[in-house]
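Chemist: Each residue of the sequence shown is one higher than the last, beginning at 1 in the working numbering.
We put the CB at the ideal spot given by N, CA and C, even for glycine.
The structure that follows is given in the form of C-alpha cells.
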Amino acid sequence: MTMRAAEIRLPGVPPVVVEREVPRAGVGEVVVEVLAAPVTPLDLLCAGGKSYLGVPRMPYVPGVQGVGVVDGRVVWFPTSAGMEPGDGSMAGFAVVRRADLVELPAGVAPVMVAAAGLSAVAAYMAMVWRGGLVAGEQVVVLGAGGVVGQAAVQLARSAGARWVVGAARSGEARARAAAAGADAVVALDTDDHMELVGRFLAACDGAADLVLDPLFGVPAAAAAHTLRAGGRMVTLGASAGATCPLDAAVLYGRSLRLSGYTNKELTGVQRGDAVGVVAGAVARGELVVTHEVVGLGDVGEGWERQAGGRAGGRVVLVP
Ligand SMILES: NC(=O)c1ccc[n+]([C@@H]2O[C@H](COP(=O)([O-])OP(=O)(O)OC[C@H]3O[C@@H](n4cnc5c(N)ncnc54)[C@H](OP(=O)(O)O)[C@@H]3O)[C@@H](O)[C@H]2O)c1
1 MTMRAAEIRL PGVPPVVVER EVPRAGVGEV VVEVLAAPVT PLDLLCAGGK
51 SYLGVPRMPY VPGVQGVGVV DGRVVWFPTS AGMEPGDGSM AGFAVVRRAD
101 LVELPAGVAP VMVAAAGLSA VAAYMAMVWR GGLVAGEQVV VLGAGGVVGQ
151 AAVQLARSAG ARWVVGAARS GEARARAAAA GADAVVALDT DDHMELVGRF
201 LAACDGAADL VLDPLFGVPA AAAAHTLRAG GRMVTLGASA GATCPLDAAV
251 LYGRSLRLSG YTNKELTGVQ RGDAVGVVAG AVARGELVVT HEVVGLGDVG
301 EGWERQAGGR AGGRVVLVP
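As C-alpha cells, then:
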C-alpha cells in the first residue's frame with residue numbers, strides 16, 4: 001500500500017510531495033495514521049542543515065510531532081525526524097515508538113493539539129517546572145504573539161497567575177497576545193533599551209516574578225528590569241538576538257535567577273505528562289493558538305510561508 005508524504009531532498013529547500021510505501025513497524029513500534037502534523041521552528045531548523053543538529057540524512061519525511069489514530073485511539077506522538085535517521089509525521093502514516101504515544105482526551109480537536117504541541121509543552125514546562133511558577137504570581141511573556149507565547153499567556157493564567165503581561169513585535173502579534181488574554185501588551189517595535197524598560201514597567205502591576213523568554217536580545221534585557229528581588233527569567237529561544245545586553249547591576253542587585261530551557265531535557269514521562277496538560281487545556285477551551293490548516297499536497301507552499309513568517313499562526317498539515 002502507498003501513501004502521500006512530504007519529502008526533504010536538499011538542505012534548505014522546502015519539501016516536495018511524493019508517493020511512498022506505507023512504513024512497517026519494528027519491535028516496540030506502531031504505525032500511526034496521521035491526522036495532523038505541524039510545521040514548527042524545529043522542523044525548519046533540522047531541514048535547513050545549518051544548525052548544531054548537523055545535516056540530516058536525505059531524503060527524509062520531516063515532522064517531529066503529530067496527532068494520529070492507532071488501534072482506534074487518538075494519540076499525540078513525537079518523532080526524531082531530521083535529528084536522527086528516519087521519517088516523521090508529514091505523511092499519511094508514521095512509525096512511532098509505542099512508549100512515546102500519548103492518548104488524548106475524548107473529543108479534543110486533533111488540529112489544535114497539533115498546533116500547540118511541543119511549543120505549548122515548552123511554554124508550560126519552562127514556566128512551571130524550570131521557572132517554578134505558582135498561583136498568585138505576575139508573569140511577563142515575551143514573543144507573546146508566537147505559538148510559544150500565546151500558549152504561555154493562557155497556561156500562566158490556568159496556573160493561577162494574577163497578572164500576565166505579553167510583549168510582541170508586530171501589530172498582528174500584539175493582537176494575538178491580547179486575544180490570548182494578556183492583561184497588558186507591550187510593543188517591542190524598538191531596540192531602544194530604556195524605552196522598552198519604561199514600557200515594561202508601565203505595563204506591570206508592581207514587580208514581576210517570572211519572565212518567559214523565547215526572544216533574548218534587547219527585549220529580554222529590558223524585561224529583566226521588571227523582576228523583583230529573586231525573580232526568575234527562563235530563556236528558551238533567541239528570535240530577537242543570539243546575545244543579550246543585560247545590565248549586571250540588575251542581575252546581581254536583585255539576585256535574579258536566570259535559566260535556560262529545552263524540551264530535549266525532558267524524560268519521556270515528563271514530556272507525556274506535559275502533553276497531557278496541554279491537551280487537557282485544549283479540551284477545556286483554555287488553550288487556543290492561531291493556526292492555518294494546509295493540505296499535505298500544498299506542503300511546499302505552507303512550509304515556505306511558515307519559514308518566512310507569513311503564515312497566519314502555526315501551519316498544520318492534514319493528509
Ligand atoms: N527550547 C525549546 O525547547 C523550544 C521549544 C519550542 C520553541 N522554542 C523556540 O521558541 C521560539 C518561539 O517559538 P514559536 O513556536 O513561538 O515560534 P513562532 O510561532 O514562529 O513565533 C515566533 C515569534 O517570534 C517573534 N519574533 C521573531 N523575531 C523577533 C524579534 N526580532 N523581536 C521580537 N519578536 C520576534 C515573532 O513576532 P512577529 O509575529 O511580530 O514577527 C513571532 O511572533 C523559537 O525560537 C523556537 O525555536 C524553543
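Helix, strand or coil: which one does DSSP assign to T262?
Modeler: Looking at T262 - three-state DSSP - the assignment turns out to be coil, as it is neither helix nor strand.
Chemist: Less than 7 angstroms between the CB of T262 and some heavy atom of ligand 1, yes or no?
Modeler: The answer is yes for T262.
Chemist: Leaving out five residues on either side along the sequence, give the residues of the same chain with a beta carbon under 7 angstroms from the beta carbon of A321.
Modeler: The requested residue 321 does not occur in the structure, where the chain is confined to residues 1 to 319.
Chemist: Any idea if T79 is buried or exposed, counting beta-carbon neighbours within 10 angstroms, 16 or more meaning buried?
Modeler: So T79 counts as buried.
Chemist: Kindly give me the distance between the Cβ atoms of T2 and E21, rounded to whole angstroms, as I take these residues to be in contact under 8 angstroms.
Modeler: The pair is a contact, with the Cβ atoms about 6 angstroms apart (cut-off 8 angstroms).
Chemist: Are the beta-carbon atoms belonging to P219 and A242 less than 8 angstroms from one another?
Modeler: Against a cut-off of 8 angstroms, the Cβ pair of A242 and P219 comes out as no contact.
Chemist: Roughly how many whole angstroms lie between the Cα atoms of V74 and G253?
Modeler: Going by the C-alpha atoms only, they are around 50 angstroms apart.
Chemist: Compute the distance between the beta-carbons of V140 and C204, then report whether it is under 8 angstroms.
Modeler: Yes, these two residues count as a Cβ contact at 8 angstroms.
Chemist: Ligand 1 and R24: does any heavy atom of the ligand fall closer than 7 angstroms to the residue's C-beta?
Modeler: R24 Cβ: outside cutoff for every heavy atom of ligand 1.
Chemist: Using a Cβ-Cβ cut-off of 6 angstroms (strictly less than) and excluding sequence neighbours within five positions of G132, which residues of its own chain qualify?
Modeler: Nothing listed; no residue qualifies.
Chemist: Note the first and the last residue of the continuous alpha helix (DSSP H) segment covering E304.
Modeler: 299-307 is the span of the alpha helix (DSSP H), which, as asked, contains E304.
Chemist: Spatial neighbours of R130 within its chain, please: C-beta separation below 7 angstroms, excluding the five flanking residues on both sides.
Modeler: So the qualifying residues of the chain are V234, S259, Y261.
Chemist: DSSP beta-bridge partners for P78?
Modeler: Answer is Q65, bridged to P78.
Chemist: May I ask which residues mark the beginning and end of the alpha helix (DSSP H) holding P219?
Modeler: Note, P219: alpha helix (DSSP H), 217-223.
Chemist: Using 7 angstroms as the cut-off, classify the Cβ of S239 as near or not near the heavy atoms of ligand 1, replying yes or no.
Modeler: Indeed, a heavy atom of ligand 1 lies less than 7 angstroms from the Cβ.
Chemist: Would you say the beta carbon of T40 comes nearer than 7 angstroms to a heavy atom of ligand 1?
Modeler: Within the cutoff, so yes.
Chemist: Can you grab the Cα-Cα spacing for the pair G206 / T226, in whole Å?
Modeler: About 8 angstroms.
Chemist: Going straight from the alpha carbon of V299 to that of A311, what length do you get?
Modeler: Rounded to the nearest angstrom, the two C-alpha atoms are 12 angstroms apart.
Chemist: Compare the beta carbon distance of S119 and A37 with 8 angstroms and say whether it is the shorter of the two.
Modeler: It is not a contact, given that the beta carbons lie outside the stated cut-off.
Chemist: Taking 7 angstroms as the line, does the beta carbon of R314 fall inside it for any heavy atom of ligand 1?
Modeler: Result yes, Cβ under 7 angstroms from ligand 1.
Chemist: Could you check whether V282 and A5 sit closer than 8 angstroms to each other, using their CB atoms as the reference points?
Modeler: Result no, Cβ atoms of A5 and V282 do not sit closer than 8 angstroms.
Chemist: Since I believe A152 is in contact with M125 (beta carbons under 8 angstroms), could you give me their beta-carbon distance rounded to a whole number of angstroms?
Modeler: With 8 angstroms as the limit, M125 and A152 do not qualify as a contact, their Cβ atoms being about 11 angstroms apart.
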